[in-house]
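Peer 1:
There are 2 protein chains.
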Amino acid sequence: MSVNLSPVPPADLHPVSGLALGTAMAGVRKANRRDLTVVTLDAGASVAGVFTANRFCAAPVQLCREHLAAGGDVRAILVNTGNANAGTGADGLSRARSTCAALARLLGCRPEQVLPFSTGVIMETLPHDRIEAGLPAALADARPDGWGQAAEAIMTTDTVAKAASLQLQLGGRTVTVTGISKGAGMIHPNMATMLGFVATDAAVDPGLMQRLVQEAADESFNAITIDGDTSTNDSFVLIATHRAGNPPVRDLDSGDGRLLRDAVVEVSRRLAQAIVRDGEGATKFITVRVEGGASVAECRQVAFAISHSPLVKTAFFASDPNLGRILAAVGYAGIADLDQTRIDLFLDDVHVVEGGGRRPSYREEDGQRVMKQSEITVRVDLHRGTAATTVWTCDLSYDYVKINADYRS
Amino acid sequence: MSVNLSPVPPADLHPVSGLALGTAMAGVRKANRRDLTVVTLDAGASVAGVFTANRFCAAPVQLCREHLAAGGDVRAILVNTGNANAGTGADGLSRARSTCAALARLLGCRPEQVLPFSTGVIMETLPHDRIEAGLPAALADARPDGWGQAAEAIMTTDTVAKAASLQLQLGGRTVTVTGISKGAGMIHPNMATMLGFVATDAAVDPGLMQRLVQEAADESFNAITIDGDTSTNDSFVLIATHRAGNPPVRDLDSGDGRLLRDAVVEVSRRLAQAIVRDGEGATKFITVRVEGGASVAECRQVAFAISHSPLVKTAFFASDPNLGRILAAVGYAGIADLDQTRIDLFLDDVHVVEGGGRRPSYREEDGQRVMKQSEITVRVDLHRGTAATTVWTCDLSYDYVKINADYRS
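So the protein lines, in turn, are chains C and F. Residue numbering for the first sequence follows the numbering used here, beginning at 1 and increasing consecutively. Residue numbering for the second sequence follows the numbering used here, beginning at 410 and increasing consecutively.
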């Protein structure tokens with residue numbers, strides 16, 4: 001059901017020196033599936049993260065923020081699927097703390113050096129005892145080339161495991177950037193039941209990590225949407241193990257800094273786009289480009305209005321060039337002084353709307369041709385300025401409803 | 410497919426003195442269906458309206474605003490289905506003007522005394538010639554008891570004609586309030602491909618009409634949502650023919666003023682709720698009540714976040730008490746300083762969440778019992794203040810996707 005998405009062959013996922021991944025079957029929600037993942041980091045790694053903007057954030061998100069604020073000397077990442085540990089109050093926090101303490105005991109570190117992540121059903125009690133019982137097996141399984149199996153173990157309604165990896169040269173040394181992600185619904189910026197973990201062995205000033213993870217998020221996970229729901233658990237974490245032997249990157253605007261930033265953005269973007277390609281029920285991958293805005297913020301408003309519209313999304317599903325629905329979404333995006341008589345709309349190379357009205361030369365069969373494709377670019381020019389942005393989304397199909405109506409059964 | 414909605418028997422739709430309704434088959438989009446409605450008003454009626462907030466508003470909406478601003482001495486309302494005349498630029502405006510002029514010629518009035526309304530597919534050329542050719546037949550058909558047939562003629566994807574009527578006593582005289590509406594998708598406040606026309610024969614100060622129509626809209630059409638899309642064409646019009654012989658209402662806060670206001674709100678609310686009950690693919694009618702807010706505005710933010718969430722809506726469709734999705738929507742509604750540990754959630758009489766966490770005494774079978782009903786009230790208490798609001802919505806089913814994927818075919 002995913003759109004032009006295949007699992008990355010494990011051999012293409014370059015290990016990141018100083019980091020190992022292991023999984024186990026803990027029986028969190030279902031038996032006989034790997035639902036527990038542990039990532040161990042050698043001492044000295046740097047970790048930074050961005051987390052959901054949902055005010056009802058889950059217990060593990062609260063602990064991640066607390067533990068990173070406590071110093072960020074992270075030694076392990078602990079992920080369970082099957083239960084989001086959200087909407088669980090003080091009891092949920094206490095259970096999440098217990099899992100961190102259990103892993104810390106096994107690793108000989110402090111509980112604050114463990115970052116917990118949970119994804120799955122909301123408002124159910126976390127079976128922390130089963131998770132803790134599974135930790136030794138996950139640790140025993142940990143190995144540098146565990147990326148592929150970890151990508152599978154963090155899946156929920158995902159149909160394809162999501163991973164990306166690339167290598168670049170910095171100061172004559174080979175540097176690796178590898179990551180995994182999960183998420184298929186409840187996807188919206190700032191952020192979604194989306195988990196993303198990207199690691200690099202590059203040596204980089206730890207003081208640059210927060211800016212790097214934020215910029216990467218803005219150009220990847222914060223630029224995708226499936227259903228407009230913002231999850232309680234979204235987390236994106238960037239790890240640097242500093243082991244590659246490159247001259248440390250001390251400025252993201254230097255030559256090496258830009259190379260590293262671009263590589264982190266590229267891996268993050270592949271992971272984010274993979275989430276859209278595997279969007280619940282998705283049959284099309286849609287790129288929404290909004291140009292000519294007075295600000296990037298208003299371009300994002302318009303791009304997300306288009307991307308969230310159920311009417312636009314069902315039209316893509318039907319391959320129906322009912323493109324007035326896109327104009328309607330532009331109109332209600334919230335730009336108070338929008339002049340509709342200046343709007344241009346393109347579907348790939350087809351110029352559909354000019355000056356706010358259907359272009360006389362536009363023929364429905366041209367729109368129809370593009371709408372039949374599995375990958376489509378919608379381009380809107382607001383003719384108000386020079387700002388632009390790009391958002392990626394998918395269509396809304398019968399299967400989206402089916403998946404979400406059946407999710408717990 | 411509608412939820413507990415039946416057509417109102419024509420005998421229950423009280424005529425409004427000074428007003429007649431006629432319909433005709435103009436073949437706007439399909440042959441052999443009544444797609445043209447004309448409402449004629451005797452001289453001296455007062456008319457006020459509220460219109461879509463969509464910046465891409467349709468040509469007829471632009472003309473309605475222009476004609477009402479020109480004086481509001483309205484003599485006729487002209488409605489076509491099958492074509493929205495939106496996204497049609499200057500050509501669309503000119504065609505809409507042509508239909509107003511044609512009806513004005515037949516009635517012996519000025520074009521500015523005609524208000525045009527269109528609903529249907531966006532971004533297609535209005536066949537104004539066919540509409541104009543149908544006007545004589547619609548006028549010949551006009552009669553005071555034409556409400557039921559007009560309610561049918563303005564339908565698009567509606568499955569049930571929507572009308573409401575009641576009578577009240579003002580100063581010893583019987584006053585009538587009768588209205589019709591249409592709309593089933595693209596429904597969202599401020600407003601939707603929603604048309605609503607409410608008329609009363611009450612004598613009322615024309616200077617009160619705009620406040621009356623705005624208050625009625627806020628408590629009815631602006632408090633419903635189906636899919637969050639805001640149409641280019643939404644319009645709600647209130648007509649007073651002043652014929653009932655009651656002592657004229659000069660103050661909406663007087664006894665008679667409150668009675669009249671309540672009656673107009675009640676008819677508008679029935680019409681608005683009928684739109685939700687007939688929501689595209691709807692199987693459930695959901696009342697979302699948000700209490701304890703610091704302001705009505707933030708209560709509305711939360712109520713609409715819940716009502717728009719595809720995950721919440723599919724859970725209702727599945728009768729699945731996956732109620733954490735409601736908490737997640739509360740969390741991303743945009744209240745920056747929301748304290749999640751104070752939130753209470755009720756499903757009808759079942760207390761599900763207390764202090765932000767699942768209530769220990771909550772049993773899933775209690776949630777399940779309520780979720781199986783066709784009418785459900787979700788109540789959220791934010792514990793931040795004393796403001797409250799109510800919004801009505803429906804679930805999201807396979808059929809919503811089917812209807813919108815097939816709409817033009």
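Note that CB positions come from ideal geometry on N, CA and C, so glycine has one too. Treat the numbers as computed from the prediction; the structure is a model and nothing was measured.
1. Can you give me, in chain order, the residues of the segment 795 to 807 of chain F that have a beta carbon less than 7 Å from any beta carbon in chain C?
2. In chain F, what lies closer than 9 Å to C57 (chain C) by C-beta?
3. Run through chain C and tell me which residues come within less than 8 Å of K811 (chain F), C-beta to C-beta.
4. Just to confirm, is the Cβ distance from R679 (chain F) to A573 (chain F) under 8 Å?
5. Just curious, the alpha helix (DSSP H) that H67 (chain C) is in, first and last residue?
6. Residues in the same chain with beta-carbon distance under 8 Å from N4 (chain C), minus the five sequence neighbours each way, listed in chain order, please.
7. Just to confirm my understanding: we take T176 (chain C), look at its own chain, exclude 5 residues before and 5 after, and list those with CB closer than 6 Å. What are they?
8. Along chain F, which residues have their Cβ under 9 Å away from the Cβ of F317 (chain C)?
9. Going by C-alpha to C-alpha distance, which of C:A336, C:D337, C:R359 sits closest to L323 (chain C)?
10. Taking Cβ-Cβ distances shorter than 8 Å, what residues in chain F pair up with A86 (chain C)?
11. Any C-beta of chain F sitting closer than 8 Å to the C-beta of R34 (chain C)?
12. Whole-angstrom Cβ separation of D141 (chain C) and G22 (chain C), contact assumed at under 8 Å?
13. DSSP on R363 (chain C), reduced to helix/strand/coil?
14. Could you say if the segment 434 to 442 of chain F and the segment 455 to 464 of chain F meet the contact criterion of at least three C-beta pairs nearer than 8 Å?
15. Determine, for A744 (chain F), whether the minimum Cβ-Cβ distance to residues of chain C falls below 8 Å.
16. Can you pull the chain F neighbours of G357 (chain C), defined as C-beta to C-beta under 9 Å?
17. By alpha-carbon positions, which one of F:G581, F:F606, F:G580, F:E774 ends up nearest to I589 (chain F)?
18. List, in order along the chain, the chain C residues whose C-beta lies closer than 7 Å to that of N463 (chain F)?
19. Anyone know if the C-beta pair for H537 (chain F) and T508 (chain F) falls short of 8 Å?
20. Quick one: what does DSSP say T568 (chain F) is sitting in, helix, strand or coil?
21. Output, in chain order, the set of chain F residues within a Cβ distance shorter than 9 Å of D344 (chain C).
22. With a cut-off of 8 Å, do at least 3 Cβ pairs link the segment 506 to 526 of chain F to the segment 332 to 352 of chain C?
23. Nearest by alpha-carbon distance to A454 (chain F): which of F:T696, F:P469, F:I486 is it?
24. Please confirm whether V762 (chain F) has its beta-carbon closer than 8 Å to some beta-carbon of chain C.
25. Output the distance between the C-alpha atoms of H188 (chain C) and T225 (chain C), rounded to the nearest integer angstrom.
26. Please check if any C-beta of chain C sits within less than 8 Å of the C-beta of L550 (chain F).
27. Using a Cβ-Cβ distance cut-off of 8 Å, determine whether T587 (chain F) contacts chain C.
28. Is D729 (chain F) close to chain C, meaning its C-beta is less than 8 Å from at least one C-beta of that chain?
29. Helix, strand or coil: how does DSSP classify A192 (chain C) here?
30. So, is the C-beta of T119 (chain C) closer than 8 Å to a C-beta in chain F?
31. Less than 7 Å between the CB of L428 (chain F) and some heavy atom of the ligand MN, yes or no?
32. Output yes or no for whether 8 Å exceeds the beta carbon distance between L515 (chain F) and L472 (chain F).
33. Taking C-beta pairs closer than 7 Å, name the residues in chain C that T723 (chain F) reaches, listed in chain order.
34. Name the two residues that bound the continuous alpha helix (DSSP H) containing V79 (chain C).
35. With a 10 Å radius around its C-beta and 16 neighbouring C-beta atoms as the bar for buried, classify K313 (chain C) as buried or exposed.
36. Taking the alpha-carbon positions, what's the G743 (chain F) to S716 (chain F) distance?
Peer 2: In this structure, then:
1. From the segment 795 to 807 of chain F, only L805, S806, Y807 have a Cβ closer than 7 Å to chain C.
2. As a position in the first sequence, residue 57 (chain C) is number 57, starting the count at 1. Neighbourhood of C57 (chain C) in chain F, by CB distance below 9 Å: G740, Q749, in chain order.
3. Along the second sequence, read from residue 1 onward, the residue named residue 811 (chain F) stands at position 402. Chain C residues near K811 (chain F): Y398.
4. Reading the second sequence from its first residue, position 270 is the one you call residue 679 (chain F). Reading the second sequence from its first residue, position 164 is the one you call residue 573 (chain F). Yes, these two residues count as a Cβ contact at 8 Å.
5. The residue labelled residue 67 (chain C) in the question sits at position 67 within the first sequence. In the DSSP assignment, H67 (chain C) falls within the unbroken alpha helix (DSSP H) covering 59 to 69.
6. Taking the first residue of the first sequence as 1, we reach residue 4 (chain C) at position 4. Non-local C-beta neighbours of N4 (chain C) in its own chain, meaning closer than 8 Å and more than five positions away in sequence, comprise R277, F285, S374, E375, ordered along the chain.
7. Residue mapping note: residue 176 (chain C) aligns to position 176 of the first sequence, counting from 1. Annotation for T176 (chain C): H14, V16, Q167, D201 place their beta carbon closer than 6 Å to its own, counting only its chain and skipping 5 residues before and after.
8. Sequence index remark: in the first sequence, residue 317 (chain C) carries index 317 (1-based). By Cβ distance, chain F contributes V810, N813, A814.
9. Here residue 323 (chain C) corresponds to residue number 323 of the first sequence, with the count starting at 1. Each of C:A336, C:D337, C:R359 was checked against the Cα of L323 (chain C), and the nearest Cα belongs to C:R359.
10. As a position in the first sequence, residue 86 (chain C) is number 86, starting the count at 1. Within chain F, the residues placing a beta-carbon under 8 Å from that of A86 (chain C) are G733, L736, A737, ordered along the chain.
11. Start at 1 with the first residue of the first sequence, and residue 34 (chain C) comes out as number 34. Not closer than 8 Å to any Cβ of chain F, the Cβ of R34 (chain C) fails to qualify, so no.
12. For the purposes of this step, residue 141 (chain C) is taken as residue 141 along the first sequence, with counting starting at 1. For the purposes of this step, residue 22 (chain C) is taken as residue 22 along the first sequence, with counting starting at 1. About 4 Å separates the beta carbons of D141 (chain C) and G22 (chain C), which is inside the 8 Å limit, making them a contact pair.
13. Along the first sequence, read from residue 1 onward, the residue named residue 363 (chain C) stands at position 363. Correct three-state label for R363 (chain C): coil.
14. No, the segment 434 to 442 of chain F does not touch the segment 455 to 464 of chain F.
15. Translated into positions along the second sequence, residue 744 (chain F) becomes position 335. According to the sequence shown, residue 744 (chain F) is Ile rather than Ala. It does; some Cβ of chain C falls within 8 Å.
16. For the purposes of this step, residue 357 (chain C) is identified with residue 357 of the first sequence, where counting begins at 1. By Cβ distance, chain F contributes G496, T497, G498, A499, D500, G501, M532.
17. Within the second sequence, the letter at position 180 stands for residue 589 (chain F). Minimum Cα distance to I589 (chain F) is reached at F:F606.
18. Along the second sequence, one-based indexing puts residue 463 (chain F) at 54. Within chain C, the residues A328, G331, Y332 have their CB atoms less than 7 Å from the CB of N463 (chain F), given in chain order.
19. Position 128 of the second sequence, counted from the first residue, corresponds to residue 537 (chain F). Position 99 of the second sequence, counted from the first residue, corresponds to residue 508 (chain F). Cβ distance < 8 Å, so H537 (chain F) and T508 (chain F) count as in contact.
20. For the purposes of this step, residue 568 (chain F) is taken as the residue at position 159 of the second sequence. T568 (chain F) falls in the coil class under three-state DSSP.
21. Position 344 of the first sequence, counting from 1, holds the residue named residue 344 (chain C). Within chain F, no residue comes near D344 (chain C); the closest Cβ sits about 12 Å away, beyond 9 Å.
22. These segments do not touch.
23. As a working mapping, residue 454 (chain F) is identified with position 45 in the second sequence. Scanning F:T696, F:P469, F:I486 for the CA closest to the CA of A454 (chain F) turns up F:I486.
24. For the purposes of this step, residue 762 (chain F) is identified with residue 353 of the second sequence, where counting begins at 1. At least one beta carbon of chain C lies nearer than 8 Å to the beta carbon of V762 (chain F).
25. Mapped onto the first sequence, residue 188 (chain C) falls at position 188. Mapped onto the first sequence, residue 225 (chain C) falls at position 225. Its pLDDT being 44, under 50, H188 (chain C) is placed unreliably in this model, and the coordinates cannot settle the point.
26. Along the second sequence, read from residue 1 onward, the residue named residue 550 (chain F) stands at position 141. Contrary to the premise, residue 550 (chain F) reads as Asp rather than Leu in this sequence. No, no contact with chain C.
27. Counting from one through the second sequence, the residue named residue 587 (chain F) turns up at place 178. It does not: the Cβ of T587 (chain F) has no partner Cβ on chain C nearer than 8 Å.
28. For the purposes of this step, residue 729 (chain F) is taken as the residue at position 320 of the second sequence. Closer than 8 Å: yes.
29. Stepping through the first sequence from its first residue, residue 192 (chain C) is reached at position 192. Note on A192 (chain C): pLDDT 40, under 50, position unreliable in the model; no value is reported.
30. Position 119 of the first sequence, counting from 1, holds the residue named residue 119 (chain C). No, T119 (chain C) lies away from the interface with chain F (no Cβ there is under 8 Å from its Cβ).
31. As presented, the structure is devoid of all ligands, the ligand MN included, so that no description of it is given.
32. Indexing the second sequence from 1 puts residue 515 (chain F) at position 106. Indexing the second sequence from 1 puts residue 472 (chain F) at position 63. No. Outside cutoff.
33. On the second sequence, position 314 is the one that residue 723 (chain F) refers to. Under the 7 Å cutoff, chain C gives V401, N404, A405.
34. The sequence position of residue 79 (chain C) within the first sequence is 79, counting from 1. Membership of V79 (chain C) in any alpha helix (DSSP H) is not indicated; the residue belongs instead to the beta strand (DSSP E) covering 76 to 83.
35. For the purposes of this step, residue 313 (chain C) is taken as residue 313 along the first sequence, with counting starting at 1. Counting every other CB atom within 10 Å of its CB across the protein chains shown gives K313 (chain C) a total of 16 or more, marking it as buried.
36. For the purposes of this step, residue 743 (chain F) is identified with residue 334 of the second sequence, where counting begins at 1. For the purposes of this step, residue 716 (chain F) is identified with residue 307 of the second sequence, where counting begins at 1. One C-alpha to the other measures close to 14 Å.
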